[in-house]
Each structure stands twice: as C-alpha cells, then as structure tokens.
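Engineer: Residue numbers (my numbering): 110 to 333. We treat Cβ as the ideally placed atom computed from N, Cα and C, and that holds for glycine. Since the structure is predicted, the reported quantities are computational estimates derived from the model, not experimental observations. Below is one structure. I have some questions about it.
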Amino acid sequence: MGVESLLALMQKRRSIRAFKPEPVSDESIAKIIEAGRWAPSSANSQPWDFLVVRDPITKEKIQSSVQRCISRIKELRDFPFLRTFTGGYMLEAPVHLVVIGDPRFRYVSMMHQVEENIEQFAFWGSVSMAIQNMLLAITALGLGTAVFTNFFPEEVKPFLAIPDPLRIVCILPLGYPNEYREPRPRRPADSFTHLERYDSSKMRSDEIIERAHRDPYGEQVKEY
Ligand SMILES: Cc1cc2nc3c(=O)[nH]c(=O)nc-3n(C[C@H](O)[C@H](O)[C@H](O)COP(=O)(O)O)c2cc1C
C-alpha cells in the first residue's frame with residue numbers, strides 16, 4: 110500500500126456514534142484484532158487483551174455505568190456539547206470491543222527507574238497503538254466506531270469478569286455506520302511542526318486552551 114492510500118484511509122476514519130443493527134461477523138472481528146496484534150509496544154510487552162461483547166444484557170449493564178458517568182460529568186460542568194452527549198448510541202452497536210491493558214508490564218523497559226513519564230507511556234502508549242491500528246482496520250472494513258471512555262471502569266470490570274490489576278482502557282462500539290460525518294477540523298501541520306528548535310510563537314496560548322475547555326466542541330476548535 111502506498112502512502113497516499115494509507116493517508117486516505119486515515120482521513121476517512123471518523124468517530125461514528127450511530128449504528129445499523131446489521132451484525133458484525135466473527136471474521137471482521139478477527140481482522141480487527143489481528144490489526145491490534147501487530148501494533149508496536151514497549152519492549153514488545155503487548156500489554157493488551159480484547160474482549161468481544163455481543164450479549165445485550167451485558168451491554169445494558171455497561172450502559173448503566175455510562176449513564177452514571179455522564180450524569181456525573183454534567184454535575185461537574187455543563188459543557189454545551191453534553192446536551193446531545195448521551196452515550197445511548199452504544200446500545201445500537203452490535204458489538205462492544207472492550208480494550209483491556211495490563212499495567213504490570215510497565216516495568217519491562219526498566220524506564221520506571223529512569224523517567225516516570227516514560228514509564229506511563231510504556232503502558233498507555235502501547236495500548237493506544239493497538240487501538241489506532243484497530244480503528245484503521247475498522248474503517249477499512251466499512252465498519253464504524255468511536256473510542257469510548259465515558260463509564261466507570263471499576264464498575265464495568267465485574268460485569269466482564271476482568272481480574273485486578275487489569276484495566277479497561279476504552280470500549281470500541283462496533284457496527285456499520287448509520288451516519289455520515291464530515292471530518293472534524295485538524296490544526297494545520299505548520300502550526301505544530303518545528304524545525305531544529307521549538308518555535309515558541311507556535312505554542313497555543315493559555316487563553317485558547319481555556320476557551321477550548323469552556324466549549325470543547327465549539328467554534329474555537331478551528332483555532333487550536
Ligand atoms: C483517548 C480518547 C478518548 C475518547 N473518548 C470519547 C468518549 O468517551 N466519547 C466519545 O463520544 N468520543 C470519544 N473520543 C473520540 C473523540 O471525540 C474524537 O476522536 C475527536 O473528536 C476527533 O474526531 P474524529 O475521531 O471523528 O476524527 C475519544 C478519543 C480519544 C482518542
């Protein structure tokens with residue numbers, strides 16, 4: 110595959126939050142997991158497990174945690190986008206692909222004795238690379254998903270018999286898209302690309318960051 114086709118696939122990927130009832134085949138799920146399997150990971154630790162949920166009762170239980178989490182977020186701060194932000198679409202997805210990380214593998218690179226932040230990256234970075242590989246495979250298969258994190262992982266773990274100290278990193282709702290979404294804006298490459306030395310004139314101001322916090326899905330997204 111040439112780089113242009115790869116970029117086209119990346120640009121085609123969108124977070125999908127509406128799904129058709131049409132089932133997702135085991136074969137497609139195997140392909141998606143195969144994509145995750147080939148991700149790079151810290152010291153090749155491969156600190157992930159993927160759990161396939163099709164049972165509607167389990168999905169309902171997960172949904173109860175989703176609803177509690179979203180209510181909590183709304184209590185904390187009423188972002189404008191939260192008015193349409195219900196997480197209910199998760200129930201439309203025929204499959205929940207639960208992404209699990211194994212934090213015990215943080216130590217394999219020995220970076221924990223050198224730099225704490227790098228140690229964190231060994232865990233979150235490794236699992237995230239598997240997720241991105243899977244997102245691209247999902248897009249290539251004509252399926253849709255969104256990285257979903259609005260639930261209480263410790264509440265959901267018992268529903269899925271996930272033992273400690275494993276952690277749920279996110280859930281990928283999987284299904285055929287029932288919506289077409291225009292790409293969300295991206296910052297121009299020049300605004301975050303630096304040559305030889307960091308160009309501080311490109312650093313986003315605190316004011317832009319604060320405005321984004323006030324309305325993360327608002328107009329100013331175009332500026333940052
Ligand atoms: C770490 C992470 C967590 C996310 N959590 C959620 C989430 O809980 N709910 C949701 O609807 N989207 C979630 N998203 C999706 C982002 O909102 C989305 O990727 C971003 O707005 C860019 O849009 P795009 O994916 O369509 O390009 C998450 C994405 C990432 C990378």
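1) If TYR285 sits next to LEU244, beta carbons under 8 Å apart, how far is it from one beta carbon to the other, in whole angstroms?
2) Report back the beta-carbon spacing between PRO292 and PHE257 to the nearest angstrom; my notes put them in contact at under 8 Å.
3) For ligand 1, any of its heavy atoms closer than 7 Å to the Cβ of ARG123?
4) Please determine, among GLN229, ALA202 and SER180, the residue with the shortest C-alpha to C-alpha distance to PHE259.
5) At a threshold of 7 Å, does ARG323 count as lining ligand 1 (C-beta to nearest heavy atom)?
6) Decide if GLY197 is buried, meaning its Cβ has at least 16 other Cβ atoms within 10 Å, or exposed.
7) Is the Cβ-Cβ distance between ALA152 and MET238 less than 8 Å?
8) Should GLY207 be counted as a contact of ligand 1 given a C-beta to heavy atom distance under 7 Å?
9) Ligand 1 and VAL256: does the residue's C-beta get closer than 7 Å to at least one heavy atom of that ligand?
10) Less than 7 Å separating the Cβ of ARG293 from some heavy atom of ligand 1?
11) Could you check whether the Cβ of ARG213 sits closer than 8 Å to any Cβ belonging to chain D?
12) What span of residues does the beta strand (DSSP E) with HIS205 cover, start to end?
13) Determine the direct distance from the alpha carbon of ASP308 to that of VAL314, and round the result to whole angstroms.
14) Does PHE230 come out as helix, strand or coil in the three-state DSSP assignment?
15) Among VAL265, GLU264 and VAL207, which residue has its Cα nearest to the Cα of ILE142?
16) Pull up the distance between the alpha-carbon of ARG126 and that of VAL278, whole angstroms please.
17) Going residue by residue through the region 149-201, where are the continuous beta strand (DSSP E) segments of at least 3 residues, counting only ones entirely within it?
18) Determine the DSSP secondary structure at PHE261, reduced to helix, strand or coil.
19) Determine the DSSP secondary structure at LYS129, reduced to helix, strand or coil.
20) Can you tell me where the beta strand (DSSP E) holding VAL256 begins and where it ends?
21) Specify the secondary structure class of PRO297 as computed by DSSP and reduced to three states.
22) Could you check how far apart the C-beta atoms of LEU200 and GLN176 are, in whole angstroms? I think they sit under 8 Å.
23) Less than 8 Å between the C-beta atoms of PHE232 and PRO156, yes or no?
Structural biologist: In terms of the structure at hand:
1) 15 Å between Cβ atoms; not a contact.
2) Rounded, the Cβ-Cβ distance is 19 Å, inconsistent with contact.
3) yes
4) Correcting the residue identity first, residue 259 is Asn in this sequence and not Phe. Selected option, being the one with the closest Cα: SER180.
5) no
6) exposed
7) no
8) Gly is not the amino acid found at residue 207; the sequence shown has Val there. Outside the cutoff, so no.
9) yes
10) yes
11) Looking for chain D here will not work: only one protein chain is present.
12) 204-210
13) Before going on, a small fix: residue 314 reads as Ser here, not Val. Approximately 13 Å between the Cα atoms of the pair.
14) helix
15) VAL207
16) 19 Å
17) 157-162
18) coil
19) coil
20) No beta strand (DSSP E) holds VAL256; DSSP gives it neither H nor E.
21) coil
22) Actually they do not touch by this definition, with Cβ atoms about 11 Å apart.
23) yes
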